[in-house]
Ligand SMILES: Nc1ncnc2c1ncn2[C@@H]1O[C@H](COP(=O)(O)OP(=O)(O)OP(=O)(O)O)[C@@H](O)[C@H]1O
Ligand SMILES: Nc1ncnc2c1ncn2[C@@H]1O[C@H](COP(=O)(O)OP(=O)(O)OP(=O)(O)O)[C@@H](O)[C@H]1O
Ligand SMILES: [Mg+2]
Ligand SMILES: [Mg+2]
């Protein structure tokens, strides 16, 4: 049912695109067929899979890193007023430092390496996660907190059964907006210092002004993300929401 | 008190930077003085103010646009299952479309205009806001909802006194992470099609590999954002949180 | 042209990049009133980078930009009728530190090698082909290529993290001013493929429609461009309005930038440019394949514009 | 028609009639729960009706349906169109981000928001707390605010879900006086869920006794003895009587 | 020392002593509220203590301090180090995202989590609801779960904040039996806040009567009559007696 609705809305989108592409210059809005043809060619050459694969790996690695550190930091800031006062300013500065600057500095200091790339992405995304989870940690239910304290919940129990369920909506928001952010930054990072990946491909085709390739790559990545969302995030989310 | 802590932590940051810059090549990590000197020069020429001003205006315009549309969409999706099913896929696709692609398409379709630039940024940021507020709208307290219905709260009262206070933490998270996102995307947008603004300046100095200028511009912008945060967001937030 | 001169001069919008030499030329044209003399009014449109320039051209926001031959060829092959007017033959080079022990391409084996523009950069493809044919060396495997943004690579070369870097000419000029030297230039590489003279891989790109609509304006602009170059070649005086645009931090950088620019002024006929370009294009099509050059295996017909002063 | 007859007719006509044939909760991933079956509640103007039933029977469910908050049931609901209902939920359900006074005012229709509430707050002992947020109240105080909210509306029907628990006897007595005094003077009807049988016997015109889940009507007991004549002994006797007849609903003393 | 003496000594020694000189809430941006003043509560092993005081007096505040949940007060708290305390809050406070059974088990120390709870759930009438989430419970049922959670812990001290409201008489009576039965058999002490004077008179070994806010001790009334001998008449008399002596705390019937 949900799948059907998703499929339906995807088809609707496709139809709208197809119709729009009839009426304008195919170079500014290529038709779905043209994009599909590009993708078939690119897949046949093996580039598509390779680029998507390498980008996906970078997104995954930096996403996990950023989620873990960002969540820990955000929760700490949300719960401790002192920590918040001390770290709020650096956090905001980091949050507002452009991806370009962070990336360039990471490449300068750590060399043009994979580690630098992944660290740069994680560092870009981390403050975002922290800011979102801080709001979550600020709003914890004091009644449940007292209950947990009265019953001497140990740390693990508290985290798993009291903290995480309350942070869940914030974590989902951070994850959803975060995956996409990570991948957007990976593009910048790949553009500046990696010889492969979707970011490289996009900047390459952008040089050639191949709009079909741009749309093709970004759609394939969206599709991958939709799949990740459907297979991973949504079931997790549904499980966490069973009680509602 | 809070201001003092902020100032203190900013000074700490500065001291750490100063110390680090002593021990490495000034071309990879310029000293605070060098950055300050650059800023003084740039300010004297009038470029600093002009660039910051124009970027700020773009950030503000697109931020407001994105917050308004994103919040409306997110709330609708969070409250209506049918809307969510229908629009979830397009939302995720838009969320995962790289800034580069959206920007290029906006410029191609709407021309290299200010409108296109602002629209491109808003379109980049909007799905993020929607995704965060959707989580908020999903978790509304059913008890209060029933109360409001039983007492026949009119639409305005419900929005102002029931809905908004519950969405507040999500809205703050979206705004904080959103302002920074907007400004990061403005950089891309300026890079690709505007002859002024901080993004233009940063790409200019990146070509020259003037790290002092990169850091200088990004710090000034961070400072502006810190000021906006302190003057606007924090008091709003504090007001909304009085009851805790 | 006389009829037009009487009325208001026709405007022509030219895309200018912060470090592009087009803005130098435009500055001279404006400063010496060459555009008015040729019956047009040159309007510079500032753009942040080459990507922005391409968007602007595609979207019709500017009438002409300077871009590379391959891009123009690809556009034409894909059905957008554009014309190419040679602008400059100045090209990138493989740079090494002044004190480097490297003296030949063959010596690159095992070295860390920065490449601007990525694995499909045309100079990198040509360099690889040359190394394979002349030295029997597969650079992609034998050396350690590192791809990245040019400023970043320049910095890495300076800090010693790279042994050599294949960079665009403005970066090369700056490095030269700091005591780095060229191991081999793009022209040197191209020679290996039978190219006869300096070949202008950069040129103004116009829409054919504009040419048909306003042939006099475009021709006037071509003449204005040539006159500006002559003025710059003639002596120091013309450089006055250009100097502030160059972001040259010292005299040495200024001098090398200036020399490199002047060396690149195209002086050959369109026909000879074209035949050399065809030769190079064939090599590139073979090496880079469809991804580099698009569907056309040979240089599309009618790409070069013959109406210019060289034609 | 003389005014007296009009009033009597209004009092005899039901202002609200609810018929629930069946109400079944169907949670995802677990067994359905039948909460109400074959229950008819009709409230006449000015009368006080007490709903008594075991814990978990379906009383709150019935009230939610009656208020139109749950439409997923088999049955029908008719209400006099202009009927104002003031509701006191089983939990206080205050807006935590609004002060006590704002909580009360927000529940009034816009034109009535500025009316003076001094007398009401005084009567409920809340005057000192008008500007506080609900977090700073004890549970009993929060319940009083919830009552104030319902009374401020000047409702034609007051629906109360166990309103007088968490209150000491003195406070409960004075609140009862406030509620029934105000309802009586305005001719308003009261529908109250309670577990407190003596309380119900003291204030009700009619008792509705419910079975355990699914809640269905066990007995509709009119109490014809005038309220002033209901002494302690009458209450004891009545209670024993009910406990004997309906042991599933009313416990012996 | 013989075991009997040991037991007596333990029963005589307080297992918990709380002295509150002052407890003042200081909300930002509004007046401070003094909630407790000069209150000493000491609980001896095995005894049942009832705390009675008007609504908003400071009873819940006292319990929070006693449990160590609020340390911002003037005074001192000493507890026997191995004392297990089971708490029933004034609201159920269940984890809405965990089932009834998980809510109960999570409150046990890790090694005891797998023990059988069948008898307990049976006794409290919750067996059918073990796998449900708290949203699907009526308030009375949720309160029973909160009680189950406290009892499962086998506590040495059971602290109850008005545990038997929102329950019909039959359910309340059976719960009372469950609580005091279990406490009695394990020699556990019970500290209960209640507004229900007859209830307190039926189960307490000692009453602590509190004044209105700020709560302070009005009287410490030991009830020496054995529980089995406390008939209805004794209760009535006792209540009249208390109401006469402490009219601010105990209302006349
Ligand atoms: N959302 C729900 N999903 C499933 N079952 C529910 C839900 N809400 C209530 N129930 C069930 O319906 C029955 C009636 O609940 P209700 O709240 O109406 O009881 P009640 O008579 O008000 O009890 P109490 O006196 O304890 O408040 C209970 O068995 C309860 O478990
Ligand atoms: N967080 C708080 N901030 C300010 N005042 C508070 C706070 N919590 C409680 N109070 C005040 O302290 C007093 C005592 O509250 P408490 O909850 O202890 O009362 P109680 O005796 O338990 O009342 P009840 O019988 O109604 O539950 C009340 O007047 C209340 O308004
Ligand atoms: Mg109920
Ligand atoms: Mg209390």
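Protein chains in written order, with the working numbering: chain A, 1 to 244; chain B, 1001 to 1244; chain C, 2001 to 2311; chain D, 3001 to 3253; chain E, 4001 to 4253. In this text, a Cβ means the ideal position worked out from N, Cα and C, and glycines have one as well.
- Under a 10 Å Cβ-count criterion, residue 4038 (chain E) is classified as exposed, with fewer than 16 other Cβ atoms of the shown protein chains found around its own Cβ.
- In the three-state reduction of the DSSP assignment, residue 4133 (chain E) falls in the coil class, being assigned neither a helical nor a strand state.
- Ranking B:1025, B:1219, B:1137 by CA distance to the CA of residue 96 (chain A) puts B:1219 first.
- Remark: the C-beta of residue 4059 (chain E) is in contact range of ligand 4, defined as less than 7 angstroms to any heavy atom.
- Here the alpha carbon of residue 90 (chain A) sits roughly 7 angstroms from the alpha carbon of residue 1009 (chain B).
- Distance from the CA of residue 2207 (chain C) to the CA of residue 2274 (chain C), rounded to the nearest whole angstrom, comes to 19 angstroms.
- In this structure the segment 2232-2244 of chain C does not touch the segment 2171-2190 of chain C; the number of beta carbon pairs closer than 8 angstroms is below three.
- Residues of chain E with a Cβ closer than 7 angstroms to the Cβ of residue 3141 (chain D) are, in chain order, 4055, 4056.
- Counted as a single uninterrupted DSSP element, the alpha helix (DSSP H) harbouring residue 176 (chain A) occupies residues 164-193.
- The contact set of residue 2156 (chain C) on chain A, defined by CB atoms closer than 9 angstroms, consists of 107, 108, 111, 112 in chain order.
- Residue pairing by DSSP places residue 4161 (chain E) opposite E:4193 in a beta bridge.
- Annotation: residue 1117 (chain B) to residue 1101 (chain B) spans about 13 angstroms, alpha carbon to alpha carbon.
- In the structure shown, residue 108 (chain A) adopts helical secondary structure according to DSSP, grouped into three states.
- Closer than 8 angstroms to the CB of residue 1098 (chain B) there is not a single CB belonging to chain C.
- Residue side-chain check: residue 4135 (chain E) places its Cβ nearer than 7 angstroms to a non-hydrogen atom of ligand 1.
- Per DSSP, the unbroken beta strand (DSSP E) holding residue 3014 (chain D) starts and ends at 3014-3025.
- Contacts between residue 4098 (chain E) and chain A, judged by CB atoms closer than 7 angstroms, involve 161 in chain order.
- Separation of the CB atoms of residue 3172 (chain D) and residue 3164 (chain D) is rounded to 4 angstroms, and the pair is thereby assigned contact status at 8 angstroms.
- Rounded to whole angstroms, the gap between the alpha carbons of residue 1105 (chain B) and residue 180 (chain A) is 19 angstroms.
- For the pair residue 4189 (chain E) and residue 4210 (chain E), the CB atoms are not nearer than the 8 angstroms cut-off.
- Taken through DSSP and simplified to helix, strand or coil, residue 1229 (chain B) comes out as helix.
- At the C-beta level, residue 2053 (chain C) and residue 2017 (chain C) come within 8 angstroms of one another.
- Distance from the CA atom of residue 3071 (chain D) to the CA atom of residue 3065 (chain D), rounded to whole angstroms, is 6 angstroms.
- Below 8 angstroms, too few C-beta pairs join the segment 2156-2163 of chain C and the segment 2058-2073 of chain C to call them touching: fewer than three.
- Using a Cβ-Cβ cut-off of 8 angstroms, residue 2147 (chain C) counts as an interface residue toward chain A, since at least one Cβ of chain A sits closer than that to its own.
- No Cβ-Cβ contact shorter than 8 angstroms links residue 1055 (chain B) with residue 1143 (chain B).
- Taking C-beta separations shorter than 6 angstroms and ignoring five residues to either side along the sequence, the partners of residue 1042 (chain B) in its chain run 1048, following chain order.
- Any Cβ of chain A closer than 8 angstroms to the Cβ of residue 1051 (chain B) would place that residue at the interface, and such an atom is absent.
- If you check the C-beta of residue 3211 (chain D) against ligand 3, you find no heavy atom less than 7 angstroms away.
- Inter-residue distance for residue 1190 (chain B) and residue 1197 (chain B) is about 7 angstroms (C-alpha atoms, whole angstroms).
- For a Cβ distance threshold of 9 angstroms, residue set 1204, 1207, 1208 of chain B lies close to residue 2019 (chain C), ordered along the chain.
- Contact annotation: in the segment 4166-4192 of chain E, residues whose CB is within less than 9 angstroms of a CB in chain D are 4166, 4167, 4168, 4169, 4170, 4171, 4172, 4173.
- Taking 8 angstroms as the cut-off, the Cβ atoms of residue 4112 (chain E) and residue 4130 (chain E) do not count as close.
- In the three-state reduction of the DSSP assignment, residue 2064 (chain C) falls in the strand class.
- Interface annotation for the segment 3216-3242 of chain D against chain B: empty, criterion Cβ-Cβ distance under 9 angstroms.
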